Every structure is written in C-alpha cells, then in structure tokens.
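Working notes, beginning with the structure itself.
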Amino acid sequence: MFDSPTFDFDSYIKYRPPYSDKLYAEIYQYHNSHGGQWNLAHDAGTGAGIVAEELSTKFTTVAASDPSAFYLEQAKRRLSPRDKFRFGCYPGEDMSWLPDAGVDMITMAEAIHWAEPQDVVTAASKALKPGGTLAIWHYGVIPIFVGSTEAQDVFNELFDHWSSRVVAGTPETKLANLERAVRVTVLRMSEIEFDKSEWKAGVRRIYWNAYHPTVGITHQTAFKDVQAQENPDDVVERRIDKTILSQYADIDWIRGYMNHLYPDVPENAIEQGMFEKLARIMEGRKLQLSWTVTMILATKSD
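In this note's numbering, the protein residues as written are 4 to 305.
Shown next as structure tokens:
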C-alpha cells in the first residue's frame, strides 16, 4: 500500500498517533510476569521501524521484518546503532529466517490486518522460546474527539465519505486484502485463535475504549451480521483510557492523518468543505484525539 518511492515516511510517522509508554508497559509487564527473557525480539510488519526502535531499549538484539523492501530501507535509515538490528524482507506469516524457538518476544503493531492472522500465530509459535511473548495490537482508524461531540459528528461524516472513496478507488486485485483488513478491524481481532497445545491458557485480550467504532459506517455495515467469538479460557479486559493512544491535534494534523491513512486514495477524495466545516468548529484549537485499541498478549507453552 505504501510502496511508492515518492511516499514520505517522515510525514507518515508525524501524522499517526504515537504509542504511549503505558501501552508498551502493558507488554513488558506481561512479559516479565511469565519469566520472559530479553535477548532477541522480533517486530513483524515493522514498516519504518517505530516499534523496533522502542524494543531496542529493552532487548539485546531486535529483528525487524516487512514484506516491503521499501519499508525496510526506511527502517534501516532510521534505526541505530545498526549492529543492534537484523532485517528481513518477509511477510509476517514467514518467520523461517529466525531461529526456531529462539525469540523472546514477537510484536505486530497495526499490521495484522494486512496479513493472514492465523498464519502469523502459527509462525510465531514456531519462532518463540517457551515462555516467550506474542504481542499484537491494532487501533481503529476513527479517532475519538474527546469532549467535542460536534467535531466528532462532522469527522464521522467526513470519514464515511472518505471510506466510500476507498472502496471505489481500490483495484479489484486488492479488494480481497481490503475486505480482510476491514474484517479484522471491525471484529477487533476476536477471530484469532490460539492452539491450547502450543500456547499457555489465559491469553489476554484487552479492549480499550471499545464503545467507539473502529471504522466508518460504510465498512461496519458489511459485517453487521458477523458475531465476534471469544474463547472462554481467554482473559478479557475492557478498559476506558483516553490516553492509551492519544494526540492533541489541530486541523492540519487531522488533514495529514487522513491523507496518510490509505495512500491509494488521492487527497482530493475528501471534499474540502468538510475540512472547512471541521476547522470552523475547532476554531484554531488543538483537540485531544484518542483511539480504540485492541491488544492480544499470549505466552508460548513449554
């Protein structure tokens, strides 16, 4: 989706919400609670290496993979010192380049929807050490306008218009990938299963701000009759926390966020009048935006 050599990754990073310290702390605390080691971590679907960079503050070595060679070049450009990182041009479903049962933690952030989720879990099971951690998280694309229902309503209208253009502008060869991505997002990764013979009981599923939709009404409607299933052995937590993923944003940031959300859609896909209407409501202010986030934490069995 982002493979164009003209794609500006620095702007992409600027116009996406930053993962908070408390989000990472949730993962590290879980890893510690299961006696996890801190030697080798792997960030699958690394993109520009945002999560790999964070993991390098905790682990001796970090392996970063992505199916896009262009992505990996951006990660290599950003990440240092170079000898702390290993890079592999592989999809998240292929971890054969890593040592079997040799990885302490595997992460996949905002990328599982572009992969075959069950194949990722299978690959992670083979690569992780006993007691190793798999951490997958994904946030919905519609921000929560904290304290401003008026701005929220206008943005929702803007987003629904944009969503219809996404569907209309997606080549037929990519529609299946888009449908899978939307399904994973709408169902908040609830269809991902963990084999009891390979994973310890008590897989954690944390839903932050789950009262808020993950996608626009255009995509929600397509899966309105699909019921999410939860394994009764899983530990499910539902939390409200507007700071788990948050950004104070002005209208220019919101415009940048939308323009970098799905690069196949041209900037003029959104009628400028909608942005102008939102700008009038915001009156030059920065508003707090938050997101709905789902996280899965699983431990490889002995």
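Ideal Cβ placement from N, Cα and C applies to all residues, glycine included.
Here the structure is a predicted model, which means the values were calculated and not measured.
- Using 10 angstroms around the beta-carbon of residue 257, count the other beta-carbons present and answer buried if the total reaches 16, otherwise exposed. Under this definition residue 257 is a buried residue.
- Item | residue 43 versus residue 83: straight-line alpha-carbon distance, rounded | 16 Å
- Label residue 251 either buried or exposed according to how many other C-beta atoms from any shown protein chain fall within 10 Å of its C-beta, with 16 as the threshold for buried. exposed
- Under the three-state DSSP convention, the category residue 305 falls into: coil
- Going along the chain, which residues of its own chain have a beta-carbon closer than 8 Å to the beta-carbon of residue 284, five neighbours each way excluded? 151, 153, 154, 157
- Is residue 208 buried or exposed, if buried means 16 or more other CB atoms sit within 10 Å of its CB? buried
- In chain order, what residues of the same chain have a beta carbon less than 7 Å from the beta carbon of residue 307, not counting five sequence neighbours either side? With the chain represented from 4 up to 305, any question about residue 307 goes unanswered, as that position is not in the structure.
- Task: Leaving aside the five residues before and after residue 54 along the sequence, list all residues of the same chain whose C-beta is less than 8 Å from its C-beta, in chain order.
- Result: 22, 46, 110, 112
- Spatial neighbours of residue 282 in its chain, beta-carbon cut-off 7 Å, leaving aside the 5 residues before and after: Taken in chain order, the residues that qualify are 254.
- Given a threshold of 16 other Cβ atoms within 10 Å of its Cβ, counted over all protein chains shown, does residue 132 qualify as buried or as exposed? Buried.
- Does the Cβ-Cβ distance between residue 81 and residue 56 come in under 8 Å? yes
- Query: Quick one, are the C-beta atoms of residue 202 and residue 51 less than 8 Å apart?
  - Reply: no
- Query: Taking just the CA atoms, how far does residue 75 sit from residue 91?
  - Reply: CA-to-CA, the gap between residue 91 and residue 75 works out to about 8 Å.
- Message: Between the alpha carbons of residue 125 and residue 98, how many angstroms are there, rounded?
- Response: 10 Å
- Quick one: give me the first and last residue of the beta strand (DSSP E) that residue 238 is part of. 238-242
- Item | Straight-line gap, residue 2 to residue 86 (C-alpha atoms, nearest Å) | Since the first residue shown for the chain is 4 and the last is 305, residue 2 is missing from the structure and cannot be characterised.
- Task: Indicate whether residue 291 and residue 123 have their beta-carbon atoms separated by less than 8 Å.
- Result: no
- Beta-ladder partner(s) of residue 90, from DSSP: 67
- Message: I need the DSSP call for residue 16, collapsed to helix, strand or coil.
- Response: helix
- Please say whether residue 136 and residue 39 have beta carbons closer to each other than 8 Å? yes
- Which residues DSSP lists as bridging residue 211, in chain order: 242, 296
- Got a sec, what are the start and stop residues for the beta strand (DSSP E) residue 109 sits in? Per DSSP, residue 109 is one residue of the beta strand (DSSP E) stretching across 106-112.
- How would you label residue 199, buried or exposed, when you count the other beta carbons within 10 angstroms and need 16 or more for buried? exposed
- Please classify residue 257: does DSSP put it in a helix, a strand, or coil? helix
- Using the Cα positions of residue 246 and residue 24, report the straight-line distance between them to the nearest angstrom. In a straight line, the C-alpha of residue 246 is about 10 Å away from that of residue 24.
- Enumerate, from N- to C-terminal direction, the unbroken alpha helix (DSSP H) stretches of 4 or more residues contained entirely within the region 150-190. 152-172, 175-189
- Item | residue 290 (DSSP reduced to helix, strand or coil) | strand
- Query: If you run the structure through DSSP and keep just helix, strand and coil, what is residue 251?
  - Reply: strand
- Item | According to DSSP, residues forming a beta bridge with residue 351 | Given that the chain is displayed from residue 4 to residue 305, the structure contains no residue 351 and the question cannot be resolved.
- Item | Other residues of its chain near residue 100: CB distance less than 7 Å, five sequence neighbours each side excluded | 91, 93
- I think residue 217 touches residue 239, with their Cβ atoms under 8 Å apart; what is that distance to the nearest whole Å? Rounded, the Cβ-Cβ distance is 17 Å, inconsistent with contact.
- Residues that residue 142 bridges to, as DSSP identifies them: Paired residue(s): 296.
- Task: Classify residue 120 as helix, strand or coil using the three-state DSSP reduction.
- Result: helix
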